[in-house]
Amino acid sequence: MRKKNQNFDVDLVEGDKQIQVLVDKKPVGHIEQADRGFVGYFGQQAVINQAKNQDEALQAILASFNLYQ
444 MRKKNQNFDV DLVEGDKQIQ VLVDKKPVGH IEQADRGFVG YFGQQAVINQ
494 AKNQDEALQA ILASFNLYQ
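The following block contains the structure:
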């Protein structure tokens with residue numbers, strides 16, 4: 444089953460020290476590497492502080508995006 448709010452394109456753009464998360468070609472957040480894993484930001488708000496990997500940080504960002512869409 445498809446839901447309208449789950450129907451979007453996600454692109455990851457790697458930069459120097461962070462990965463930009465784009466949804467439908469619009470920036471919604473980024474992922475940074477930290478001392479204890481990865482930090483995921485939705486806008487300027489950190490939504491996960493100690494993700495084990497980039498995928499876990501990405502899932503937290505997309506979950507926040509899905510809530511506020």
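Residue numbering for the sequence shown follows the working numbering, starting at 444 and increasing by one per position.
The C-beta atom is built at its ideal place from N, Cα and C for all residues, glycine as well.
Whole-angstrom distance between residue j and residue i, CA atom to CA atom
i	j	result
Glu475	Val482	5 Å
Pro470	Ile491	18 Å
Asp467	Gly486	15 Å
Val464	Arg479	21 Å
Gln497	Phe451	19 Å
Val453	Gln493	22 Å
Ala500	Val456	14 Å
Same chain, Cβ closer than 8 Å to residue i, five either side skipped, listed in chain order
i	result
Ala489	Val482 and Gly483
Endpoints, alpha helix (DSSP H) assigned at residue i
i	result
Asn509	Gln497 to Tyr511
Cutoff 7 Å; reference residue i; Cβ partners in own chain excluding five residues on either side
i	result
Gln461	His473, Ile474 and Glu475
Phe508	Val466, Val471 and Phe485
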